[in-house]
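Below is one structure, written out as structure tokens, with a few remarks after it.
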Amino acid sequence: MGWGKIDKKSSGDKERAEIARKAKLKKEKSQVAAVAVAARRDTNPTALGQKVGFSRALVKLAKTCVKTESMESALHASCRTPEQFVSESVPEDIKVIKSTTSVGNPCIMCTSLSSETVTRNTVVTNSTVAELDSSIKLIEKLARQERDLKSAKTQAGSLRAEIEVLNQKHRLEIQKQLDQLNERHRKEINAMKLNLEEVEATRQKASTDLRKVREKNSAVRAERRELDLRLATMSEEVVRLGERISTLEEQKSDALVSAKFMSIALSSSAQDVKACQLKLHVVQEHSATFQQQVRSLRVENHRIRQEQSRIASTSNRLQQLETKYENLKSDHYSLEDKHNELQDDADRYESEHAEYKEDAEYYRKKRNALRDELESAEGDLQKMTAKYASMQSSRDAIRKKYQDLKDAHDIVGPLVKIGADIRLRFLDQARDTALKISRCEADMALRTNGNVAAHRENAAADAALFNGNFIPEEYEDEAEEIFQKLYNHQASDYPFFDSISGRQNDCEATLSIITTSSVSAILREEWRVVWNTIFHCSTNNKMSLIEKLESLTNEIVEVERLSRRRR
Numbered sequence: 001m002g003w004g005k006i007d008k009k010s011s012g013d014k015e016r017a018e019i020a021r022k023a024k025l026k027k028e029k030s031q032v033a034a035v036a037v038a039a040r041r042d043t044n045p046t047a048l049g050q051k052v053g054f055s056r057a058l059v060k061l062a063k064t065c066v067k068t069e070s071m072e073s074a075l076h077a078s079c080r081t082p083e084q085f086v087s088e089s090v091p092e093d094i095k096v097i098k099s100t101t102s103v104g105n106p107c108i109m110c111t112s113l114s115s116e117t118v119t120r121n122t123v124v125t126n127s128t129v130a131e132l133d134s135s136i137k138l139i140e141k142l143a144r145q146e147r148d149l150k151s152a153k154t155q156a157g158s159l160r161a162e163i164e165v166l167n168q169k170h171r172l173e174i175q176k177q178l179d180q181l182n183e184r185h186r187k188e189i190n191a192m193k194l195n196l197e198e199v200e201a202t203r204q205k206a207s208t209d210l211r212k213v214r215e216k217n218s219a220v221r222a223e224r225r226e227l228d229l230r231l232a233t234m235s236e237e238v239v240r241l242g243e244r245i246s247t248l249e250e251q252k253s254d255a256l257v258s259a260k261f262m263s264i265a266l267s268s269s270a271q272d273v274k275a276c277q278l279k280l281h282v283v284q285e286h287s288a289t290f291q292q293q294v295r296s297l298r299v300e301n302h303r304i305r306q307e308q309s310r311i312a313s314t315s316n317r318l319q320q321l322e323t324k325y326e327n328l329k330s331d332h333y334s335l336e337d338k339h340n341e342l343q344d345d346a347d348r349y350e351s352e353h354a355e356y357k358e359d360a361e362y363y364r365k366k367r368n369a370l371r372d373e374l375e376s377a378e379g380d381l382q383k384m385t386a387k388y389a390s391m392q393s394s395r396d397a398i399r400k401k402y403q404d405l406k407d408a409h410d411i412v413g414p415l416v417k418i419g420a421d422i423r424l425r426f427l428d429q430a431r432d433t434a435l436k437i438s439r440c441e442a443d444m445a446l447r448t449n450g451n452v453a454a455h456r457e458n459a460a461a462d463a464a465l466f467n468g469n470f471i472p473e474e475y476e477d478e479a480e481e482i483f484q485k486l487y488n489h490q491a492s493d494y495p496f497f498d499s500i501s502g503r504q505n506d507c508e509a510t511l512s513i514i515t516t517s518s519v520s521a522i523l524r525e526e527w528r529v530v531w532n533t534i535f536h537c538s539t540n541n542k543m544s545l546i547e548k549l550e551s552l553t554n555e556i557v558e559v560e561r562l563s564r565r566r567r
């Protein structure tokens, strides 16, 4: 027994209907017999009144007895047998028809053949003797009818007892059939309960699967957000490391240029020091020569003084010697000044050389520090490069995993939505039957979504059946042929339209599987007009038109479904 279908009549219902039909037929036949007997009783006194005219008292007595007998016979007419009817004074031209009911009681239907025969049998004479004989016969007839009435009452009592027995048997049979029907109904209710429990278990399983899918989807989304944050952090770290590497490269180039300049300055200062040392050596040699000359001049001066002391004779010689001495003295002083200048230059050059040496040592240390820092930066750069490479590989793996999860979600998403709509519609229907809670207009959205999910085409969900390997292998070729017939594309080519064209194609595929009838002709014409308008309108108006097309498709599907149900 399916949901929403009208059950066929059971054998018990057929038996009850047959019993009711037979009882009704019996009642109609009994009423006909009672009417016939009453009519005959009413006719007999009238005929007797026309025959008898000699004594008013006898006629009154006969009428009174006949009326009493007719009233009693009318009460028990339905219980009389054909023999009792025949035992009364029935005219010869009255035809008796026997019929048998389901309980075995005969029913009598009387029909009058002609009124002429009755008139012919009621001719009377005018003689008093004949009237007296007829009166005596009438009295005897009334007595005989009274005896027959008592016998009929006795037989009616036995018939009532028999009818009571039959009624008891009938009640027992009805009770037995009722028990059988109750047992059958109980089994059907138990089967329905088992079916409902199975459906409830299926619903719970579907709800559990849906909840698991939602939890998995939320976990995937959370993991995706976390991976996006990690990817953004890694990108910022890579940018920062790149900036630091560029800064270190600039510092390295500056340090190399500075070291180059320092080496050039150091080499030039070393050359200057060497030149100064050479000059100092020459000056020292000149100074030694001058000192030697001064010593010799002093010796010569001492000798001259000794000679002056010995020779003071000639002034010219003395003047020459004094002039020469003055010249030598001035030369000595000039040489001393020049020696002092050279000594100052040598001291200055030595101090500059020491400064240059200190600067060279400072720059050498700075160059070594920069070289160490550069080597450390190169090591960090190599580590960062390796880390960046690992992060890139991890990012690629994460992107691949995200793409796989997205593909799985794209496959399962349409099926989950359709399954949820269908199961919600089933639960709404089960609430009406299982919990005896009537539906309301507030739940119309559930039923509408369920009907759309069950009866509307959906290329995304149908393609997901192929991509998710949900179709049995033996049915796959036929399903592929059906898919290509509906959507004019293969399932592997999905998505083959944009969103608006895909929805339009779903509407066309939905109507292609519906049997055409006259009840939806007007809606189909309107649907075709909207369909043709979509191809020639702008992009801004397509969205409203596609929504109207989907609404018309749903109306056509609903109208055709209701029409098939009424048929």
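Residues 1 to 567 in UniProt numbering are what the sequence shown lists, from first letter to last.
Yeah, the Cβ is synthetic: ideal placement off N, Cα and C, and Gly gets one too.
Note that this is a predicted model, so its numbers are computed, not measured.
Query, Result
"Integer Cβ distance of A491 from E480, believed to fall under 8 Å", "6 Å"
"Alpha carbon of S268 to alpha carbon of A360, nearest angstrom", "11 Å"
"G450, buried or exposed, once every other Cβ within 10 Å from all chains shown has been counted against 16", "buried"
"Contact under 8 Å by Cβ, L248 with A377", "yes"
"Distance CB(A454)-CB(L415) smaller than 8 Å", "no"
"C-alpha gap between E215 and E200, whole angstroms", "22 Å"
"Three-state secondary structure (DSSP) of Y363", "helix"
"Beta-carbon gap between N458 and I418 smaller than 8 Å", "yes"
"Cβ pair Y475, A509 closer than 8 Å", "no"
"Nearest-angstrom Cα separation, counted from D331 out to V283", "15 Å"
"With 16 other Cβ atoms within 10 Å as the buried cut-off, status of I513", "exposed"
"Inter-stretch contact at 8 Å, needing at least 3 Cβ pairs: the segment 517 to 527 / the segment 549 to 561", "yes"
"Spatially closest choice to T539 from L511, I500, K153, by CA coordinates", "I500"
"As assigned by DSSP and simplified to three states, the class of T516", "coil"
"8 Å contact criterion, which V220 and L405 should meet: CB distance rounded", "5 Å"
"Boundaries (first-last residue) of the alpha helix (DSSP H) holding A491", "That residue, A491, is in no alpha helix (DSSP H); it is neither H nor E in DSSP."
"Spatially closest choice to I304 from H170, L321, K279, by CA coordinates", "L321"
"Buried or exposed (CB count within 10 angstroms, at least 16 for buried), M384", "buried"
"CA-to-CA distance, A430 to Q204, given in whole angstroms", "14 Å"
"Short Cβ contact (8 Å threshold) for V530 with L511", "no"
"Span of the alpha helix (DSSP H) around R466", "The sequence as given places Phe at residue 466; Arg does not occur at that position. Taken as a continuous stretch (DSSP letters only), the alpha helix (DSSP H) holding F466 covers 459 to 467."
"DSSP-derived helix/strand/coil call for I534", "helix"
"Neighbour-count burial assignment, F85, 16 or more Cβ in a 10 Å radius", "Legend: pLDDT at F85 = 37, less than 50; position of this residue unreliable, value from coordinates given subsequently. Classification of F85: buried, given that the 10 Å Cβ count is 16 or more."
"Whole alpha helix (DSSP H) elements within the segment 117 to 182, 4-residue minimum", "none"
"Residue burial classification, residue 571 (beta-carbon count within 10 angstroms, cutoff 16)", "A query on residue 571 cannot be resolved here, the shown segment of the chain reaching from 1 to 567 and no further."
"Reduced DSSP category for I471 - H, G, I as helix; E, B as strand; rest coil", "coil"
"Span separating the alpha-carbon of E226 from that of E250", "36 Å"
"Residue burial classification, D506 (beta-carbon count within 10 angstroms, cutoff 16)", "buried"
"Nearest neighbour of R564, chosen from H536, E526, T516 [CA to CA]", "T516"
"Exposure label - Q319; buried when at least 16 CB within 10 Å", "exposed"
"Exposure of I189, with buried meaning 16 or more beta-carbon neighbours within 10 Å", "exposed"
"For A434 and A191, the rounded distance between their alpha carbons", "13 Å"
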